[in-house]
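J.: First the structure, which I've put down as structure tokens, then a few questions once you've had a look.
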């Protein structure tokens, strides 16, 4: 049996990672020093790594995260921002997802709320969790359309299955009583089952008045706040700072 026959069979099986490793073994004579078992293990391990990376790439795409390069390692811990590095490191182990806890990130426009939420989302995907990102105004519009088209139940199922849901820009647009109720139903479906990250320009103390519905506000805040980690960002807009640096 020749190498071409083996490669053709690998192609038939679509073992792309194994194929790459097999070609390396053919080209690199140092592999000749390894035992049959070691070379076989190398082939199988390469296929496993290939499938893992492929899954990560697919889940990153499906997550709708905008900044797929956002990384916990690149978070700016400048003193003015008052970010506790120990808190971020603790969240980075993803136990908050395993324990079905939430994260609330607040701060003025441009302080890096979205970046931190997406950095945590990217890390969660690498660690094997299903993640989805959306802006709250986009979500509320999606819910309205689903109710009008009779697909609301399917939408609830969609948002309930993600182990981490990132809701960006809470409080940036006016919200109706129906909007608040719809948001509550999304959150209720996930409570004690999955985790949610919410980013907002509004301090948490203003959320009650923003929701403008005592019953729904009580329900949402009860489900989110009491099981959440809080990150309150301060300092100047990061976007403005980068703009100043670029002009120098």
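In UniProt numbering, the protein residues as written are 1 to 248. Note that the Cβ used here is the ideal one computed from N, Cα and C, for glycine as well.
Assign residue 34 to one of three DSSP states: helix, strand, or coil.
T.: coil
J.: Measuring CB to CB, does residue 256 end up less than 9 Å from residue 12?
T.: With the chain covering 1 to 248 only, the question about residue 256 has no answer from this structure.
J.: DSSP beta-bridge partners for residue 195?
T.: 164
J.: Can you name the start and end residues of the beta strand (DSSP E) that residue 4 belongs to?
T.: Looking at the DSSP string, residue 4 is not in any beta strand (DSSP E); the run it does join, the alpha helix (DSSP H), is 3-13.
J.: Using the Cβ count rule (16 or more neighbours within 10 Å means buried), how would you classify residue 73?
T.: exposed
J.: Which residues does DSSP list as the beta-bridge partners of residue 135?
T.: 168
J.: Given this structure, state the Cα-to-Cα distance separating residue 153 from residue 123, to the nearest angstrom.
T.: 30 Å
J.: Residue 102 bridges to which residues according to DSSP?
T.: 228
J.: Using 8 Å for Cβ pairs, my map puts residue 160 next to residue 190. What's the rounded Cβ distance?
T.: 6 Å between Cβ atoms; contact.
J.: Check whether the Cβ atoms of residue 183 and residue 136 sit closer than 9 Å, and answer yes or no.
T.: yes
J.: To the nearest angstrom, how far is it from the Cα of residue 177 to the Cα of residue 101?
T.: 26 Å
J.: Using 8 Å for Cβ pairs, my map puts residue 201 next to residue 138. What's the rounded Cβ distance?
T.: Not a contact, Cβ separation roughly 16 Å.
J.: Specify the secondary structure class of residue 57 as computed by DSSP and reduced to three states.
T.: helix
J.: Just to confirm the assignment, what range does the alpha helix (DSSP H) spanning residue 85 have?
T.: 85-91
J.: Need the endpoints of the alpha helix (DSSP H) that residue 190 sits in, please.
T.: 177-190
J.: From residue 86 to residue 94, what distance separates their C-alpha atoms?
T.: 14 Å
J.: Name, in chain order, the residues that DSSP records as bridge partners for residue 200.
T.: As computed with DSSP, residue 200 is found in a beta bridge with 106 and 170.
J.: Just to confirm the assignment, what range does the alpha helix (DSSP H) spanning residue 117 have?
T.: Run containing residue 117: 113-126, per the alpha helix (DSSP H) assignment.
J.: Rounded to the nearest angstrom, what separates residue 81 and residue 107 at their Cα positions?
T.: 10 Å
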